[in-house]
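**Student:** For reference, the structure I am asking about is given below.
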């Protein structure tokens, strides 16, 4: 998700809501989001997990910001599925080039079915450059906890203004984007172990050998590839968000099509579609 859920979205999007904002004042951005399925750097589980997410970000004029939030899987469990706290710093070198550094700590319940549950810490370094016709984004992530994984995402996007409705304050735009994500997949080992523990609570969640790449659960064998330490392509992502902004308010409907480059379970489709709705308000 970026989830870059973080994993899953950036609050810099609100800058499009009020371009003429006074940069000498602190701002508070509130956000709510729905998505049809959760993903972790382009990877998904066989089960679909639609979710709702809430977040608040307090940003200071110098570039420092603090964030906090959480999300709830709509078809799993009765409690909050994740909460997180973060701190970050963004710096505008000029009108075209921006870079940032952020740290996020997430809290997952003990029985979490999510891929990212083993990596509850994330350090993110990002950079964006605005070319005359499009914007390029580069993101580096170090995720660690029970496991340690590294990810890199590279993408290009183009904001296209479609016009206004009702009056000049109601702006409609689309921002098509293409993104490639690569990384390691050590998190998958922990996911398989924890999944087998939930399905077989009387067992130890392991196979015949602690070092074997396969984990046996009854008559079903789920294979954990012995290449989890290799840095490999994870997904190609094609995004098409439609935005409506009015003053300090932004609403977004989005579609994402992903082609998974690191298939690990036979019953996970190689092509995935995600639908999302989000609203943002800035004080």
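Numbering (the working numbering), first residue to last: 106 to 388.
C-beta atoms are modelled at their ideal positions from N, C-alpha and C, and glycine is treated no differently.
1. In the DSSP assignment, the alpha helix (DSSP H) including residue 299 goes from what residue to what residue?
2. Just to confirm the assignment, what range does the beta strand (DSSP E) spanning residue 210 have?
3. Compute the Euclidean distance between the alpha carbons of residue 346 and residue 285, then round it to the nearest angstrom.
4. Rounding to the nearest angstrom, what Cα-Cα distance links residue 164 and residue 205 in this structure?
5. Quickly, what does DSSP pair residue 346 with across the bridge? List them, please.
6. Can you give me the C-alpha to C-alpha distance between residue 359 and residue 382, rounded to a whole angstrom?
7. Excluding the 5 residues preceding and the 5 following residue 337 in the sequence, name in chain order all residues of the same chain whose CB lies nearer than 8 Å to its CB.
8. Taking the alpha-carbon of residue 217 as reference, which of 375, 333, 132 and 177 has the nearest alpha-carbon?
9. With DSSP collapsed to three states, give me the class of residue 329.
10. Return no unless some Cβ of chain C is closer than 9 Å to the Cβ of residue 172.
11. The beta strand (DSSP E) that contains residue 387, what's its start and end?
12. At the level of alpha carbons, what is the spacing between residue 146 and residue 375?
13. Thinking just about the alpha-carbon of each residue, which of 364, 363, 357 and 299 is nearest to the one in residue 137?
14. Given a cut-off of 9 Å on the beta-carbon distance, is the pair residue 241 and residue 260 in contact?
15. Can you say whether residue 186 is buried or exposed, counting buried as having 16 or more other CB atoms within 10 angstroms of its CB?
16. Anyone know if the C-beta pair for residue 281 and residue 343 falls short of 9 Å?
17. DSSP three-state call for residue 221: helix, strand or coil?
18. Going along the chain, which residues of its own chain have a beta-carbon closer than 6 Å to the beta-carbon of residue 229, five neighbours each way excluded?
19. Using CA coordinates, which residue listed in 182, 160, 195 and 156 is at the minimum distance from residue 169?
20. Quick one: what's residue 282 bridged to in DSSP?
21. Starting from the C-beta of residue 274, find all residues in its chain whose C-beta is less than 8 Å away, skip the five residues before and the five after it, and write them out in chain order.
22. For the beta strand (DSSP E) containing residue 196, name the first residue and the last one.
23. What three-state label does DSSP hand residue 136 in the structure shown?
24. Per DSSP, what kind of secondary structure is residue 148 in: helix, strand or coil?
25. Can you give the beta carbon distance from residue 161 to residue 190, rounded, assuming they're within the 8 Å contact cut?
26. Can you name the start and end residues of the beta strand (DSSP E) that residue 175 belongs to?
**Tutor:** Short version:
1. The count along the chain shown starts at 1 and reaches residue 299 at position 194. Here the alpha helix (DSSP H) through residue 299 covers 292-304.
2. As a working mapping, residue 210 is identified with position 105 in the chain shown. Unbroken beta strand (DSSP E) run through residue 210: 202-212.
3. Start at 1 with the first residue of the chain shown, and residue 346 comes out as number 241. Start at 1 with the first residue of the chain shown, and residue 285 comes out as number 180. So the alpha carbons of these two residues sit roughly 17 Å apart.
4. Taking the chain shown and counting its residues from 1, one reaches residue 164 at position 59. Taking the chain shown and counting its residues from 1, one reaches residue 205 at position 100. Taking the straight line joining both Cα atoms gives about 13 Å.
5. For the purposes of this step, residue 346 is taken as the residue at position 241 of the chain shown. Bridge partners of residue 346: 359.
6. Here residue 359 is taken as the residue at index 254 of the chain shown, counted from 1. Here residue 382 is taken as the residue at index 277 of the chain shown, counted from 1. Whole-angstrom Cα-Cα distance: 6 Å.
7. Here residue 337 refers to the residue found at position 232 when the chain shown is read from its first residue. So the qualifying residues of the chain are 287, 288, 289, 290, 366 and 367.
8. Here residue 217 is taken as the residue at index 112 of the chain shown, counted from 1. Taking only the C-alpha atoms, the option nearest residue 217 is 177.
9. By one-based count along the chain shown, residue 329 stands at place 224. In this prediction, residue 329 scores a pLDDT of 48, lower than 50, which makes its location untrustworthy; no coordinate-derived value is stated.
10. In the displayed structure, chain C is absent; only one protein chain is listed.
11. On the chain shown, position 282 is the one that residue 387 refers to. Where residue 387 is concerned, the enclosing beta strand (DSSP E) stretches over 376-387.
12. As a first step, residue 146 must be located in the chain shown, where it is residue number 41. As a first step, residue 375 must be located in the chain shown, where it is residue number 270. Whole-angstrom Cα-Cα distance: 14 Å.
13. The sequence position of residue 137 within the chain shown is 32, counting from 1. Nearest option by C-alpha distance: 357.
14. Along the chain shown, read from residue 1 onward, the residue named residue 241 stands at position 136. Along the chain shown, read from residue 1 onward, the residue named residue 260 stands at position 155. Yes, these two residues count as a Cβ contact at 9 Å.
15. In the chain shown, counting from the first residue as 1, residue 186 sits at position 81. The residue in question, residue 186, is buried, as its Cβ has 16 or more Cβ neighbours within 10 Å.
16. The residue labelled residue 281 in the question sits at position 176 within the chain shown. The residue labelled residue 343 in the question sits at position 238 within the chain shown. For residue 281 and residue 343, yes; Cβs fall inside 9 Å.
17. Against the chain shown, residue 221 aligns to sequence position 116. Helix at residue 221.
18. Taking the chain shown and counting its residues from 1, one reaches residue 229 at position 124. Around residue 229: 207 and 246.
19. One-based indexing of the chain shown puts residue 169 at position 64. Measuring from the Cα of residue 169, the nearest candidate turns out to be 195.
20. Position 177 of the chain shown, counted from the start, is the residue given in the question as residue 282. For residue 282, which the question treats as bridged, DSSP gives the partners 262 and 344.
21. Indexing the chain shown from 1 puts residue 274 at position 169. Excluding sequence neighbours, residue 274 sits near 351 and 352.
22. As a position in the chain shown, residue 196 is number 91, starting the count at 1. 187-197 is the extent of the beta strand (DSSP E) around residue 196.
23. Mapped onto the chain shown, residue 136 falls at position 31. Correct three-state label for residue 136: strand.
24. In the chain shown, the residue the question calls residue 148 occupies position 43. Correct three-state label for residue 148: strand.
25. Your numbering for residue 161 matches position 56 in the chain shown. Your numbering for residue 190 matches position 85 in the chain shown. About 11 Å; that fails the 8 Å criterion.
26. Stepping through the chain shown from its first residue, residue 175 is reached at position 70. Where residue 175 is concerned, the enclosing beta strand (DSSP E) stretches over 169-178.
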